[in-house]
Amino acid sequence: MEPLIIEGTPKTPSVRFDAQQGLVEIKGRSIPENSIEFYKPLVDWLEKYGENPAPLTQVNVQLEYFNTSSSKCILDVFKKLEAIFKAKHDVVINWYYEEDDEDMLEAGEDYESIIRVPFKMVEIVD
Amino acid sequence: MSFNFDAYYRKMNTGDIIVSYKGSITTEMINNTLEIVESRIGESPEDVRLRKKVYNVMVESLQNLYHHTDELPEDIRGEFEGHFGVVVVAREGSGIRITTGNFIKSDKIKRLKDKLDKINSMGPDELKDMYKFILNHQKFSDKGGGGLGLIDIVRKTGTRLNYTFQNYNNDYYFFSLDIKITN
Numbered sequence: 001m002e003p004l005i006i007e008g009t010p011k012t013p014s015v016r017f018d019a020q021q022g023l024v025e026i027k028g029r030s031i032p033e034n035s036i037e038f039y040k041p042l043v044d045w046l047e048k049y050g051e052n053p054a055p056l057t058q059v060n061v062q063l064e065y066f067n068t069s070s071s072k073c074i075l076d077v078f079k080k081l082e083a084i085f086k087a088k089h090d091v092v093i094n095w096y097y098e099e100d101d102e103d104m105l106e107a108g109e110d111y112e113s114i115i116r117v118p119f120k121m122v123e124i125v126d
Numbered sequence: 001m002s003f004n005f006d007a008y009y010r011k012m013n014t015g016d017i018i019v020s021y022k023g024s025i026t027t028e029m030i031n032n033t034l035e036i037v038e039s040r041i042g043e044s045p046e047d048v049r050l051r052k053k054v055y056n057v058m059v060e061s062l063q064n065l066y067h068h069t070d071e072l073p074e075d076i077r078g079e080f081e082g083h084f085g086v087v088v089v090a091r092e093g094s095g096i097r098i099t100t101g102n103f104i105k106s107d108k109i110k111r112l113k114d115k116l117d118k119i120n121s122m123g124p125d126e127l128k129d130m131y132k133f134i135l136n137h138q139k140f141s142d143k144g145g146g147g148l149g150l151i152d153i154v155r156k157t158g159t160r161l162n163y164t165f166q167n168y169n170n171d172y173y174f175f176s177l178d179i180k181i182t183n
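Top to bottom, those sequences are chains A and B.
Per my numbering, the first sequence starts with residue 1, numbered consecutively.
Per my numbering, the second sequence starts with residue 1, numbered consecutively.
Shown next as structure tokens:
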């Protein structure tokens with residue numbers, strides 16, 4: 001399966017989805033006016049990846065900012081990962097937040113309470 | 001007395017202004033405004049926290065304007081551009097005030113007012129539950145966050161939504177929203 005690679009912009013994150021390595025990475029800022037358009041290929045890729053996932057899928061989400069329009073799309077991404085986990089494949093979501101960024105930590109905890117996948121909260125210290 | 005835009009805008013523009021804008025709310029305008037806000041709020045450790053909060057609130061406020069601004073009242077269509085909105089960002093003491101304004105059709109006021117009052121009446125835990133409920137159960141439109149923006153603003157700032165609806169004519173009011181952000 002072809003990897004999904006998208007370069008970051010000031011309003012959309014960089015994306016690296018690699019089936020062979022079982023790597024799902026979203027980094028940067030996610031504040032577009034229309035998030036559905038940006039996230040659709042990501043959700044579609046994960047849907048297909050779910051048919052034959054790696055034994056362990058490592059998910060790294062490291063966002064500096066995300067808007068509420070992205071928040072639903074990020075949940076859709078996590079729901080695809082939850083389906084993979086429910087089908088007895090290992091999945092770990094690493095949620096990165098900058099030192100002292102309590103809002104971003106809390107946002108991760110909100111997702112953790114909705115999605116039945118193991119989360120790890122990772123503080124980035126300068 | 002009906003709403004006087006010039007008097008309103010003058011009043012908004014008092015104090016230590018970082019951004020003051022009236023006109024079309026476009027993607028380009030949003031990008032430029034965010035850039036200014038980010039560069040004008042400094043680099044000291046306290047300011048980094050404040051900047052993040054201000055940036056988040058700015059994104060939600062501007063995108064609310066972008067998605068929800070009504071068509072203008074007929075008699076001022078020549079005077080103001082389409083998709084018209086107001087954004088003022090000012091320093092107030094050690095914090096920041098963000099004011100946004102836009103024309104709104106009279107028949108939409110009740111729904112918005114009920115929503116604002118409901119959010120203002122809630123404590124942090126209730127807001128968190130409401131946010132998670134909408135996130136998980138409500139279908140979002142192409143327009144965006146299914147109304148999560150205002151809840152997110154209050155959760156992140158811990159302040160109330162301070163608003164006014166001023167009558168412009170039979171069909172329109174002017175909606176103005178003040179948000180104060182402190183460290």
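The C-beta atom is built at its ideal place from N, Cα and C for all residues, glycine as well.
### Message
Using 8 Å for Cβ pairs, my map puts valine 37/B next to valine 19/B. What's the rounded Cβ distance?
### Response
Translated into positions along the second sequence, residue 37/B becomes position 37. Translated into positions along the second sequence, residue 19/B becomes position 19. About 6 Å separates the two Cβ atoms, so the contact holds.
### Message
How far does the beta strand (DSSP E) with methionine 167/A in it extend, from its first residue to its last?
### Response
No statement about residue 167/A is possible, as the shown extent of chain A runs from 1 to 126 and does not include it.
### Query
Using 9 Å as the limit for Cβ to Cβ distance, is valine 89/B near chain A?
Counted from its first residue, the second sequence places residue 89/B at position 89. No, valine 89/B does not count as interfacial toward chain A.
### Query
Taking the Cβ atom as the reference point for each residue, do tyrosine 96/A and isoleucine 74/A lie within a distance shorter than 9 Å?
Working through the first sequence from its first residue, we reach residue 96/A at position 96. Working through the first sequence from its first residue, we reach residue 74/A at position 74. Cβ atoms of tyrosine 96/A and isoleucine 74/A: not closer than 9 Å.
### Nearest residue (CA-CA) to arginine 155/B, options Glu35/B, Met130/B, Tyr173/B
For the purposes of this step, residue 155/B is taken as the residue at position 155 of the second sequence. Residue Met130/B is the option with its Cα nearest to arginine 155/B.
### Task
Would you grab the beta carbon distance between aspartate 152/B and threonine 68/A for me? Rounded to a whole angstrom, and I think it's under 8 Å.
Within the second sequence, numbered from 1, the residue matching residue 152/B stands at position 152. Within the first sequence, numbered from 1, the residue matching residue 68/A stands at position 68. Confirmed, about 5 Å.
### Message
Alpha carbons only, please: which of Asp44/A, Ile36/A, Pro55/A is nearest the one belonging to glutamine 21/A?
### Response
Counting from 1 along the first sequence, the entry for residue 21/A is found at position 21. Closest by alpha carbon: Pro55/A.
### Minimum length 3: unbroken beta strand (DSSP E) runs contained in the region 6 to 61 of chain B
16 to 24
### Query
For lysine 110/B, is the classification buried or exposed, using 16 other Cβ atoms within 10 angstroms of its Cβ as the cut-off for buried?
Mapped onto the second sequence, residue 110/B falls at position 110. It counts as exposed.
### Query
Using 8 Å as the Cβ pair cut-off and three pairs as the minimum, do the region 24 to 41 of chain B and the region 64 to 71 of chain B touch?
yes
### Query
Would arginine 97/B pass as a contact of valine 88/B if the rule is Cβ separation under 9 Å?
The residue you call residue 97/B lines up with position 97 of the second sequence. The residue you call residue 88/B lines up with position 88 of the second sequence. A contact, by the Cβ cut-off of 9 Å.
### chain A contacts made by the region 106 to 124 of chain B, where a contact means CB separation under 8 Å
none
### chain B contacts made by the region 52 to 75 of chain A, where a contact means CB separation under 8 Å
Tyr65, Asn67, Thr68, Ser69, Ser71, Lys72, Leu75
### Message
Tell me which residues share the same chain as phenylalanine 85/A and place their Cβ nearer than 6 Å to its Cβ, disregarding the 5 neighbours each side in the sequence.
### Response
In the first sequence, residue 85/A corresponds to position 85, counting from 1. Excluding residues within five positions, the ones whose Cβ falls inside 6 Å are Val91, Val117.
### Task
Rank Leu116/B, Ile134/B, Leu135/B, Pro124/B by C-alpha distance to the C-alpha of aspartate 178/B and give the top, closest one.
Position 178 of the second sequence, counted from the start, is the residue given in the question as residue 178/B. Closest by alpha carbon: Leu116/B.
### Query
What distance in whole Å lies between the Cβ atoms of tyrosine 168/B and phenylalanine 174/B, which are believed to be in contact at a cut-off of 8 Å?
Reading the second sequence from its first residue, position 174 is the one you call residue 174/B. Reading the second sequence from its first residue, position 168 is the one you call residue 168/B. Confirmed, Cβ separation roughly 5 Å.
### Task
Closer than 8 Å by beta-carbon distance: list the chain A residues that pair up with valine 59/B, in chain order.
Position 59 of the second sequence, counting from 1, holds the residue named residue 59/B. Here the neighbours are Ile31, Tyr65, Asn67.
#### Entry: Distance between beta carbons of tyrosine 172/B and lysine 105/B, contact taken as under 8 Å
Position 105 of the second sequence, counted from the start, is the residue given in the question as residue 105/B. Position 172 of the second sequence, counted from the start, is the residue given in the question as residue 172/B. That belief holds up - the Cβ atoms of lysine 105/B and tyrosine 172/B are roughly 6 Å apart, short of 8 Å.
### Query
Roughly how many whole angstroms lie between the Cα atoms of phenylalanine 38/A and threonine 12/A?
Counted from its first residue, the first sequence places residue 38/A at position 38. Counted from its first residue, the first sequence places residue 12/A at position 12. Cα to Cα, phenylalanine 38/A sits roughly 8 Å from threonine 12/A.
### Task
Can you give me the Cβ contacts of glycine 149/B inside the same chain, cut-off strictly under 6 Å, excluding the 5 residues immediately before and after it?
Locating residue 149/B in the second sequence gives position 149, counting from the first residue. Excluding sequence neighbours, glycine 149/B sits near Glu60, Asn64.
### Residue burial classification, arginine 40/B (beta-carbon count within 10 angstroms, cutoff 16)
As a position in the second sequence, residue 40/B is number 40, starting the count at 1. Burial call: exposed.
### Message
With H, G and I counted as helix, E and B as strand and the rest as coil, what does DSSP make of glutamate 79/B?
### Response
Start at 1 with the first residue of the second sequence, and residue 79/B comes out as number 79. Glutamate 79/B: coil per DSSP, three-state reduction.
### Minimum Cβ-Cβ distance from aspartate 103/A to chain B less than 9 Å
Translated into the one-based positions of the first sequence, residue 103/A becomes position 103. At least one chain B Cβ lies under 9 Å of aspartate 103/A.
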